[in-house]
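Peer 1:
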Amino acid sequence: VRERASLCVMGNHDWAVLDKPGINVDDFNPQARHAVLWTREQLSEENRVYLDGLPFMPVHPSDAPGILVTHASPREPVWEYILTPTIALENFEAFDDAICFVGHTHKPAIFRWHRFASFAEGGDGHEMHEMATVDYLQQRGEGPVELATSPDQRLIINPGSVGQPRDNDARAAYGILDLDDMTWQHVRVPYPIELTQSQMRAARLPKRLVDRLSFGW
Numbered sequence: 001v002r003e004r005a006s007l008c009v010m011g012n013h014d015w016a017v018l019d020k021p022g023i024n025v026d027d028f029n030p031q032a033r034h035a036v037l038w039t040r041e042q043l044s045e046e047n048r049v050y051l052d053g054l055p056f057m058p059v060h061p062s063d064a065p066g067i068l069v070t071h072a073s074p075r076e077p078v079w080e081y082i083l084t085p086t087i088a089l090e091n092f093e094a095f096d097d098a099i100c101f102v103g104h105t106h107k108p109a110i111f112r113w114h115r116f117a118s119f120a121e122g123g124d125g126h127e128m129h130e131m132a133t134v135d136y137l138q139q140r141g142e143g144p145v146e147l148a149t150s151p152d153q154r155l156i157i158n159p160g161s162v163g164q165p166r167d168n169d170a171r172a173a174y175g176i177l178d179l180d181d182m183t184w185q186h187v188r189v190p191y192p193i194e195l196t197q198s199q200m201r202a203a204r205l206p207k208r209l210v211d212r213l214s215f216g217w
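Just so it is clear: in the sequence shown, position 164 is 164 by this note's numbering, and no numbers are missing.
Right under this line is the structure:
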């Protein structure tokens with residue numbers, strides 16, 4: 001990541017490993033807490049400095065106008081899970097960009113915000129009101145899809161997770177955004193899960209963390 005990524009943002013586990021204020025490892029489930037404490041012991045000073053320098057607030061990539069990147073959500077960058085259209089709708093109020101990329105849930109998702117005009121009864125009869133809804137779009141197929149955005153249609157996209165996917169698909173997940181064609185391609189790739197699990201067992205990490213990699217949950 002350090003060699004290849006032009007942009008990387010801090011996540012909640014990075015925050016916890018660095019023992020930053022606002023996150024108490026005692027609030028983590030026992031397996032996650034074990035992993036955080038183990039990582040603290042393994043982390044080199046060089047890598048600690050790198051993690052500490054990552055932005056934790058939402059970031060606008062300099063080469064991608066209209067794009068916002070954050071770990072969890074635009075209104076709560078470190079911790080909030082965007083799992084439902086209702087939570088997504090509330091988060092669309094926290095940014096104005098065409099597309100916001102998030103992670104944190106380890107589940108691929110696209111939420112589409114759509115603004116429209118609607119007639120409703122008012123004091124002087126029927127009046128025009130602005131309304132907004134959010135749809136959850138299922139990512140299907142493996143080819144690129146066009147991303148249609150406008151002032152009345154914006155997106156929150158979660159590419160999923162390379163490590164520990166949680167959508168019942170054990171393959172690593174990522175996405176490709178083509179800024180020239182404005183397309184998005186969701187990609188799944190297999191990786192040597194058994195090797196990773198063997199390394200985790202050797203490090204005496206919790207069995208549940210090892211086993212879940214086989215199933216993607």
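Ideal Cβ placement from N, Cα and C applies to all residues, glycine included. These numbers were taken from a predicted model, which means no experiment stands behind them.
Within the continuous alpha helix (DSSP H) that includes Thr-86, where are the two ends?
Peer 2: In the DSSP assignment, Thr-86 falls within the unbroken alpha helix (DSSP H) covering 85–92.
Peer 1: Count Cβ pairs between the segment 97–117 and the segment 146–154 that sit closer than 8 Å; are there 3 or more?
Peer 2: yes
Peer 1: Closer than 7 Å by C-beta to Arg-2: which residues in its own chain qualify, once you throw out the five before and the five after it? Chain order, please.
Peer 2: Tyr-50
Peer 1: Return helix, strand or coil for Gln-185, following the three-state DSSP convention.
Peer 2: In the three-state scheme derived from DSSP, where H, G and I count as helix and E and B as strand, Gln-185 is classed as strand.
Peer 1: Pick helix, strand or coil for Ile-67, following the three-state DSSP scheme.
Peer 2: strand
Peer 1: So, helix, strand or coil for Gln-153, using DSSP?
Peer 2: strand
Peer 1: Tell me the residue span of the alpha helix (DSSP H) that contains Ile-193.
Peer 2: 193–202
Peer 1: Candidates Arg-112, Val-78, Thr-105: which alpha carbon is nearest Phe-92's?
Peer 2: Of the candidates Arg-112, Val-78, Thr-105, the residue whose Cα lies closest to the Cα of Phe-92 is Arg-112.
Peer 1: Give every residue of the same chain whose Cβ lies closer than 6 Å to the Cβ of Val-17, excluding the five residues on either side of it in the sequence, and list them in chain order.
Peer 2: Val-36, Thr-39, Arg-40
Peer 1: Classify Asp-178 as helix, strand or coil using the three-state DSSP reduction.
Peer 2: Secondary structure of Asp-178 (DSSP, three-state): strand.
Peer 1: For Trp-15, which of Val-134, Ser-44, Gly-66, Val-78 has the nearest alpha-carbon?
Peer 2: Of the listed residues, the one whose Cα sits closest to Trp-15 is Val-78.
Peer 1: Leaving out the 5 sequence neighbours to the left and right, which residues in its chain are closer than 6 Å to Asp-135 when beta-carbon positions are compared?
Peer 2: Shown here for Asp-135: same chain residues with a beta carbon closer than 6 Å to its own, the five before and five after excluded, namely Arg-112 in chain order.
Peer 1: Within 10 Å of its beta-carbon, does Gln-42 have 16 or more other beta-carbons around it, so buried, or fewer, so exposed?
Peer 2: exposed
Peer 1: Taking Cβ positions, are Asn-158 and Thr-105 nearer each other than 8 Å?
Peer 2: In this structure, Thr-105 lies closer than 8 Å to Asn-158 by Cβ.
Peer 1: Going by DSSP in three states, Tyr-81 sits in which element: helix, strand or coil?
Peer 2: coil
Peer 1: Expressed to the nearest angstrom, what Euclidean distance is found between the alpha-carbon atoms of Pro-190 and Leu-213?
Peer 2: 12 Å
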